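**Q** Residues in the sequence shown are numbered from -15 upward in steps of one, following our numbering. We treat Cβ as the ideally placed atom computed from N, Cα and C, and that holds for glycine. Being a predicted model, the structure only gives us computed values, none of them experimental.
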Amino acid sequence: MATELTQTILPSPAYTLAGIKMLRDQFAREMVGMALRPYQVELSDRIIESVFAKAGDEIVALWARQMGKTEALALTGLFLFIFYPRITGQGFKIGVFGPKYEQAQNLVERMRLRLSKSWLDRGECWTDTGMRFSWVWTDLPGQPVSEWHGISGSKDAHIEGPSFDLLYLDESQDIEESQMKTAIFPMGAAKMATRVLIGTYKPQVVNFYFYQRTMEHGRHLSKKPWTVGAEFSDEYRRYVLQEKDRYGEESEEFRTQYSLNLVEHKAFFISRPDLLALRVDELPTDLEDSNFVGIDIAKFPDSTVAECYRGKFMSKGCLVDALELQGVNYEDQVLLLKDFCECNRAKVVVVDSTGVGDPVVDMLKRALRCRVEGLKLTLLSKDSIFKNLQGEMLNRRLFYHVRPDRKREVARFEDQFLALLREFRGAYMDCHHPETRDAHDDYCFAAALAVEAARLQTGFIYDFLDTV
Ligand SMILES: Nc1ncnc2c1ncn2[C@@H]1O[C@H](COP(=O)(O)OP(=O)(O)O)[C@@H](O)[C@H]1O
Ligand SMILES: [Mg+2]
């Protein structure tokens, strides 16, 4: 039966999407012996639509634990692996990534083993090197070839792959964000690959890109809490109710992994769409020509970062330049910061300060002819500068310029803002980077201090300043 199905399918431009989806259902029933649940079908449909349209969509799925994420991806992937070449006459390459190699491998292996042995033996080859496996499909001579690569997404793995048509990132919440952006995504760029980020929330946030994407809306987001899975499986319902007893319904564990609620006091400072709306490739032409600099001085292991703001507080402004200094002694830092302020013709400079007599602030005051203020970061002053910054950003009064020669700084600025957390302590808003290694917030503080410098110039209300 199984081999018959594959043999009846010949390349034909006559396949409609509806026909392809029906074929997927037939494949699931006859060759794998499994029926996808409706919410799994919905996701599988989205993947198939994007792949055949070569739309290059990013599909994000946030499902509760044990809802059948891996099964849904594996079945859809296997279907495309076998049938895409038969339908289109072209080869198909799938790259599967997980936080660890075993997860990437597990994704197809579980399903592969359900296929009948006689079918598996019909000319496929299989290699396993411990870091990656490749499955190359060559059942019909002269036909295009499919490849399936399961690769570890961990930071220690040296990963390098071919160009894929479809990228799967299983357990995305645990994949290292930098690895995802610099190593995994580029493997889909050449072929307009569809990529699927699937995972579950956890109390500890590691991959902010994934979290930010799950908070957006639209047809490419699939969000399914445990109650959706419980409708289709009694066994699953019983399992979750047990987990609920174990952790408690209001526990962080249960709320994040099953109800899919991010714990509120750890909310993000800004959402991805709100941040990206402020990104400009051309400098706005209607800015007031006044410049202000904010400087966040390094506390080990961070960097010193300076941001330059041009414009008018409460009206319109743009971050136009940034400087990051790492591992430079304080005397040299002062010289470089002086240059930065002078080149940008700063009118007011605000520097974070440890208190009266802060040596860096004093050196900058002596070195610069403009107004230089030290600002001690207390719960009260942080609350104020970040509320002002948030007001400028959410009301679309503050933009940031992607200067061609500052791309690296802009990328770091964006990464830090997307990970920045906002926590309430009583009435005060406290902003800080998450508790993960590699997390920084220097660009965020420098931006907040630059806006504060602009605010000082206008003398605009709330003169709370704890200046020293
Ligand atoms: N459509 C389905 N029909 C029957 N069982 C399923 C289906 N989807 C998933 N399962 C089973 O549910 C369990 C959890 O699935 P899995 O894909 O590992 O979930 P997740 O990746 O979300 O943790 C597995 O035992 C799997 O075989
Ligand atoms: Mg899984």
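1. Under three-state DSSP, which class holds Ala2?
2. Following a CB-centred definition, is Gly472 positioned closer than 7 Å to any heavy atom of ligand 1?
3. How would you call Met(-15), buried or exposed, if buried means at least 16 neighbouring beta carbons within 10 angstroms?
4. Please return the same chain residues whose Cβ sits closer than 8 Å to the Cβ of Ala306, not counting the five positions on each side in sequence.
5. Would you kindly work out how many angstroms separate the C-alpha atoms of Gln400 and Glu160, rounded to a whole number?
6. Mind listing, in chain order, the continuous beta strand (DSSP E) runs of no fewer than 3 residues lying wholly within the stretch 165 to 225?
7. Quick check: Ala58 and Arg94, are their CB atoms within less than 8 Å of each other?
8. What is the DSSP secondary structure of Phe253, reduced to helix, strand or coil?
9. At which residues does the beta strand (DSSP E) containing Arg387 begin and terminate?
10. DSSP on Val312, reduced to helix/strand/coil?
11. Cβ-heavy atom distance between Glu236 and ligand 1 below 7 Å?
12. When every heavy atom of ligand 2 is checked, does at least one fall within less than 7 Å of the C-beta of Lys186?
13. Spell out a yes or no on whether the stretch 128 to 139 and the stretch 76 to 95 are touching, meaning 3 or more CB-CB pairs, one atom from each, closer than 8 Å.
14. For the putative contact between Ala434 and Leu303, defined by C-beta atoms under 8 Å, what is the C-beta separation to the nearest angstrom?
15. Do Asp154 and ligand 3 come close, with the Cβ less than 7 Å from some heavy atom?
16. Using the beta-carbon count (16 or more within 10 Å), is Pro69 buried or exposed?
17. List the endpoints of the continuous beta strand (DSSP E) containing Lys38.
18. With a threshold of 7 Å, establish whether the CB of Thr54 neighbours any heavy atom of ligand 2.
19. Give me the Cα-Cα distance between Glu200 and Asp323, rounded to the nearest whole angstrom.
20. From Lys349 to Ser337, what does the alpha carbon distance come to, in whole angstroms?
21. For Asp149, which three-state DSSP category applies?
22. Mapping the DSSP letters down to three states, classify Ala282 as helix, strand or coil.
23. Could you tell me the distance, in whole angstroms, from the CA atom of Ala432 to the CA atom of Phe216?
24. Using a Cβ-Cβ cut-off of 7 Å (strictly less than) and excluding sequence neighbours within five positions of Gln89, which residues of its own chain qualify?
25. Is it right to say Met377 is buried, meaning 16 or more other beta carbons lie within 10 angstroms of its own, or is it exposed?
26. Select from Met171, Ala37, Phe370, Ile4 the residue whose C-alpha is nearest the C-alpha of Val25.
27. Span of the beta strand (DSSP E) holding Leu481?
28. Skipping 5 residues on each side, what residues in its chain have a beta carbon closer than 6 Å to that of Asp447?
29. Any heavy atom of ligand 1 within a distance shorter than 7 Å of the CB on Leu20?
30. Give every residue of the same chain whose Cβ lies closer than 8 Å to the Cβ of Ser206, excluding the five residues on either side of it in the sequence, and list them in chain order.
31. Given this structure, state the Cα-to-Cα distance separating Asp422 from Leu99, to the nearest angstrom.
32. At the level of alpha carbons, what is the spacing between Val212 and Leu405?
33. Secondary structure at Phe297, three-state DSSP: helix, strand or coil?
34. Comparing C-alpha positions only, which one of Lys77, Ala37, Arg21 sits nearest to Thr54?
35. Assign Arg116 to one of three DSSP states: helix, strand, or coil.
36. Is Arg49 a contact residue of ligand 1, with contact defined as CB to any heavy atom under 7 Å?
**A** Taking the geometry as given:
1. As a first step, residue 2 is located in the sequence shown; it is residue number 18 there, counting from the start. DSSP places Ala2 in helix when its eight states are reduced to three.
2. Only positions -15 to 452 of the chain appear in this structure, which leaves residue 472 out of reach.
3. Looking up residue -15 in the sequence shown gives position 1. Since pLDDT at Met(-15) reaches only 43, below the 50 mark, its modelled position is unreliable, and the value read off the structure follows with that caveat. Under this definition Met(-15) is an exposed residue.
4. Within the sequence shown, residue 306 is the residue found at index 322, counting from 1. Within the same chain, Cβ atoms closer than 8 Å to the Cβ of Ala306 are found at Val289, Ala290, Glu291, Cys292, Arg390, Glu393, Val394, Phe397, Tyr427, Ala430, the five residues on either side in sequence being excluded.
5. Numbered from 1 along the sequence shown, position 416 holds the residue referred to as residue 400. Numbered from 1 along the sequence shown, position 176 holds the residue referred to as residue 160. Each residue's alpha carbon lies about 15 Å from the other.
6. For the stretch 165 to 225, whole beta strand (DSSP E) runs of length 3 or above, ordered along the chain, are 178 to 183, 205 to 208.
7. For this step, residue 58 is matched to residue 74 along the sequence shown. For this step, residue 94 is matched to residue 110 along the sequence shown. Cβ atoms of Ala58 and Arg94: closer than 8 Å.
8. Position 269 of the sequence shown holds residue 253. Taken through DSSP and simplified to helix, strand or coil, Phe253 comes out as coil.
9. By 1-based counting over the sequence shown, the position of residue 387 is 403. It is not in any beta strand (DSSP E) - Arg387 carries neither H nor E in the DSSP assignment.
10. Taking the first residue of the sequence shown as 1, we reach residue 312 at position 328. The answer is coil: DSSP assigns Val312 none of H, G, I, E or B.
11. For the purposes of this step, residue 236 is taken as residue 252 along the sequence shown, with counting starting at 1. In this structure, the C-beta of Glu236 stays at least 7 Å away from each heavy atom of ligand 1.
12. For this step, residue 186 is matched to residue 202 along the sequence shown. Not under cutoff, so the answer is no.
13. Yes, they touch.
14. If you number the sequence shown from 1, residue 434 lands on position 450. If you number the sequence shown from 1, residue 303 lands on position 319. Contact holds; Cβ gap of about 7 Å.
15. Among the ligands in the structure shown, ligand 3 does not appear; only ligand 1 and ligand 2 can be found there.
16. Taking the sequence shown and counting its residues from 1, one reaches residue 69 at position 85. Counting Cβ neighbours within 10 Å, Pro69 comes out buried, since at least 16 surround it.
17. Stepping through the sequence shown from its first residue, residue 38 is reached at position 54. Here Lys38 belongs to no beta strand (DSSP E), and DSSP marks it neither H nor E.
18. Against the sequence shown, residue 54 aligns to sequence position 70. Closer than 7 Å to some heavy atom of ligand 2: that describes the Cβ of Thr54.
19. Against the sequence shown, residue 200 aligns to sequence position 216. Against the sequence shown, residue 323 aligns to sequence position 339. Between the alpha carbons of Glu200 and Asp323 lies a distance of about 41 Å.
20. Residue numbering aside, residue 349 sits at position 365 when the sequence shown is read from its first letter. Residue numbering aside, residue 337 sits at position 353 when the sequence shown is read from its first letter. For Lys349 and Ser337, the distance between alpha carbons rounds to 12 Å.
21. One-based indexing of the sequence shown puts residue 149 at position 165. Asp149: coil per DSSP, three-state reduction.
22. Locating residue 282 in the sequence shown gives position 298, counting from the first residue. For Ala282, the three-state secondary structure derived from DSSP is coil.
23. Counted from its first residue, the sequence shown places residue 432 at position 448. Counted from its first residue, the sequence shown places residue 216 at position 232. Distance between the alpha carbons of Ala432 and Phe216: 49 Å.
24. Position 105 of the sequence shown, counted from the start, is the residue given in the question as residue 89. Excluding residues within five positions, the ones whose Cβ falls inside 7 Å are Phe117, Gly134.
25. Along the sequence shown, one-based indexing puts residue 377 at 393. Buried is the call here.
26. Taking the first residue of the sequence shown as 1, we reach residue 25 at position 41. Ranked by how close their Cα comes to the Cα of Val25, the residues Met171, Ala37, Phe370, Ile4 have Ile4 in first place.
27. Here the chain covers residues -15 to 452 and nothing more, so residue 481 does not appear.
28. Here residue 447 refers to the residue found at position 463 of the sequence shown. No answer about Asp447 holds up, because its pLDDT of 45 lies below 50 and its placement is not dependable.
29. Your numbering for residue 20 matches position 36 in the sequence shown. Correct: Leu20 has its Cβ closer than 7 Å to ligand 1.
30. Against the sequence shown, residue 206 aligns to sequence position 222. Tyr23, Glu26, Leu27, Arg30, Ile43, Val44, Ala45, Leu46, Trp47, listed in sequence order.
31. As a working note, residue 422 is residue 438 in the sequence shown. As a working note, residue 99 is residue 115 in the sequence shown. C-alpha separation (whole angstroms): 43 Å.
32. For the purposes of this step, residue 212 is identified with residue 228 of the sequence shown, where counting begins at 1. For the purposes of this step, residue 405 is identified with residue 421 of the sequence shown, where counting begins at 1. Straight-line spacing of the CA atoms in Val212 and Leu405 works out to 29 Å.
33. For the purposes of this step, residue 297 is taken as the residue at position 313 of the sequence shown. Residue state for Phe297 is assigned as coil, using DSSP reduced to three classes.
34. Here residue 54 corresponds to residue number 70 of the sequence shown, with the count starting at 1. When only C-alpha atoms are compared, the closest one is Arg21.
35. Position 132 of the sequence shown holds residue 116. In the three-state scheme derived from DSSP, where H, G and I count as helix and E and B as strand, Arg116 is classed as strand.
36. Against the sequence shown, residue 49 aligns to sequence position 65. Checking the Cβ of Arg49 against ligand 1 gives yes.
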